[in-house]
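Student: Sequential numbering from 6 applies to the sequence shown in my numbering. Below is the structure I would like to discuss, written out as structure tokens.
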Amino acid sequence: MTKLDEKINKRQLLKEKLKPDKKTGDIAKLLNIWLSEAESRTDLAHVLQSLQDNRKDSEQLPTRCKIIVKFINKALQTNQGFDWLQATDRLLQDYHEFGKVVPADLYISKYYCLKTFNNFDSEAEDCLHRAIVLSKTHEEKIKAYFVLSLYYEDISEYKKMKDVLLKCEAFCREESRSEEYLARTWVLLGHYYFRRFNFAESKNYFTQAQSKLELLCKHQNYKWLLRTLSECLHFLGRIYFEEYEFIKSVNFYVKSQKILEEGCNQNSLTLDIGATAFYHLRLGQVLEAAQIKESVKYHYDKSLQLFIERNADPSSLVHVNLALANLVENESCLARDNYYKQEKQIKNAAEKALKTGYHRGYLMALVQLLPLYMKNLKIYLALKVVWDILMSNEFHKSGGIIFLLAFIYKIGLKLYHQIKFNFYKKFRPNKILRRCPCLEPKCKLNNK
């Protein structure tokens, strides 16, 4: 029997299994099947049909909720967020119709669906506050606070983000069996200090989280934390990039992606395409800084391809477009042509960020535009950009003058690391990155 025949037979069996039986309770039994099915191997169209078939049965509300929560990751990774949002809204409507208390997890699932379409919707924040109110256990409340802190990070409300994380830490201290949640809190506090350019404090939190997560992930019960460990390592890679420790940076990125893939395989989860796209983007940035031009374009293009494949939100594409603006497509082009090309791409990224409310991305674009104007002696335009920076929403939300001082400190620190890097290039070449360490076959060909 060929592989094609096997696939056809499997589909036929699945269709037979999905045929609704007139016997009482058979449709409900079918609904329960999905709770034992692996996420990565399940066809969501059949799951949605089962959810719809059970709408009139009030006893199946908890099971439907568990299924929504279980498959939310796959729905978002396979561009089915809208269908899942509709299914979630229908379930919420049924909970209210039957007069039942809505589980906190259902509102968190709705938030994830809304986030796919608009990171900054007030309805999304309302879902998280409802989840907090409806939480019955410390674990549920901590989970809701985690997601709320990430929402505040997205909209640059850093003070609110820190306040929420301190609540999380307090809850974790109260609960004796919450080491995994304490580790996740440290990861998010690492996020907070990274956004504030306090890389020393950020590294401290990420390193603590790494140690605890690696210890926990050795046990089978905590394999679900591999995704969090991957995120932790990814940010450590970003910090080492800021310190011009390029070898350490790429090693953390590669290890992070390997653990992400391992975690998805072990838990039968759909691979997080967004995280994979950011892996290629960040790796490309290190290779660009290390002047390994052969591999840079490959990783940037791969990142863009994955973001488009995932139908990513505009904020993700802003990062890629800003990265691509630094590349010179054709070395024979005149410097003036390259200048106009870079300016256009950065401005497009800035406009896209502003339209979608991604204020951090808008500020990133302005900061990238400023040295371009300075380098090309466009003083009037440079001064206009400085004014736009000072008037930007992100600048004020980040603390205004305090943010500016932190940014100036970051520039000074970067100059120090750059001088150290140039010293290593001359006297300690073993500390210099020479080639891309990833295992991508096409990238290896570029390095030959």
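All C-beta atoms in this analysis are idealised placements derived from N, C-alpha and C, irrespective of residue type, glycine included. Please read these numbers as outputs of a predicted model, since none were measured by experiment.
1) Rounding to the nearest angstrom, what Cα-Cα distance links Q350 and D342 in this structure?
2) Apart from the five residues on each side of it in sequence, which residues of its chain come closer than 6 Å, Cβ to Cβ, to K115?
3) Count the other CB atoms within 10 Å of the CB of K146; is the residue buried (16 or more) or exposed (fewer)?
4) Whole angstroms is fine: what's the gap from K357's alpha carbon to H239's?
5) Do you know how far the Cα of I73 is from the Cα of L395?
6) Shortest alpha-carbon distance to R454 belongs to which of D88, L35, K79?
7) Quick check on the burial criterion: 16 or more other C-beta atoms within 10 angstroms. Buried or exposed for L40?
8) Around the C-beta of A369, are 16 or more other C-beta atoms found within 10 angstroms, so that it is buried, or is it exposed?
9) Closer than 8 Å is the cut-off here; do at least three beta carbon pairs connect the stretch 94 to 107 with the stretch 309 to 328?
10) Under a three-way DSSP split, which group does D168 fall into?
11) Report all residues from its chain with a CB closer than 8 Å to the CB of E219; omit the five preceding and five following residues, and keep chain order.
12) My guess is that G242 and S261 are in contact by the Cβ rule of under 8 Å, so how many angstroms apart are they, rounded?
13) Rounded to a whole number of angstroms, what is the C-alpha to C-alpha distance between S63 and E42?
14) Which word fits N59, buried or exposed, when buried means at least 16 other C-beta atoms lie within 10 angstroms of its C-beta?
15) Using a threshold of 8 Å, state whether the C-beta atoms of Q82 and I278 are closer than that.
16) Output needed for S207: all residues of its chain with C-beta closer than 7 Å, excluding positions within five of it in sequence on either side, in chain order.
17) Quick check on K105: does DSSP put it in helix, strand or coil?
18) Classify E185: buried if its beta carbon has 16 or more other beta carbons within 10 angstroms, exposed otherwise.
19) Specify the secondary structure class of L23 as computed by DSSP and reduced to three states.
20) Going along the chain, which unbroken runs of the beta strand (DSSP E) with 3 or more residues stay wholly within the stretch 312 to 369?
21) Can you list, in chain order, the residues of its chain with a C-beta nearer than 6 Å to that of L438? Leave out the 5 residues immediately preceding and following it.
22) In this structure, does DSSP put C443 in helix, strand or coil?
23) Given this structure, state the Cα-to-Cα distance separating W89 from G404, to the nearest angstrom.
24) Please report how far the alpha carbon of Y227 lies from the alpha carbon of F246, in whole angstroms.
25) Are the beta-carbon atoms belonging to S320 and Y363 less than 8 Å from one another?
26) Classify H304 as buried or exposed, calling it buried when 16 or more other Cβ atoms lie within 10 Å of its own Cβ.
27) Between the C-alpha atoms of T275 and M379, what's the straight-line distance to the nearest angstrom?
28) For N84, which residues in the same chain have their Cβ closer than 8 Å to its Cβ, ignoring the five residues on either side in sequence?
29) Looking only at its own chain, which residues have a Cβ that is under 6 Å from the Cβ of F103, when we skip the five neighbours before and after it?
30) Could you give the first and the last residue of the continuous alpha helix (DSSP H) run that contains G405?
31) Given this structure, state the Cα-to-Cα distance separating S300 from F204, to the nearest angstrom.
32) So, with DSSP's three-state summary, where would you put L81?
33) Along the chain, where does the alpha helix (DSSP H) that runs through Y385 open and close?
34) Am I right that H143 and E179 are in contact with their C-beta atoms under 8 Å? What's the rounded C-beta distance?
Tutor: Taking the structure as given:
1) 12 Å
2) T93, C132
3) buried
4) 26 Å
5) 44 Å
6) The question about residue 454 has no answer, for the chain in this structure spans 6 to 453.
7) exposed
8) It is Met, not Ala, that sits at residue 369 in the sequence shown. M369 comes out buried.
9) no
10) helix
11) L234
12) 6 Å
13) 23 Å
14) buried
15) yes
16) G195, Y198, F199, I244
17) coil
18) buried
19) Bear in mind that a pLDDT of 45 at L23, under 50, signals an unreliable position, so the model cannot answer this.
20) none
21) F251, I252, A295
22) coil
23) 38 Å
24) 29 Å
25) yes
26) buried
27) 45 Å
28) R315, N316
29) S63
30) Note, G405: premise wrong, no alpha helix (DSSP H); not H, not E.
31) 27 Å
32) helix
33) 384 to 396
34) 7 Å
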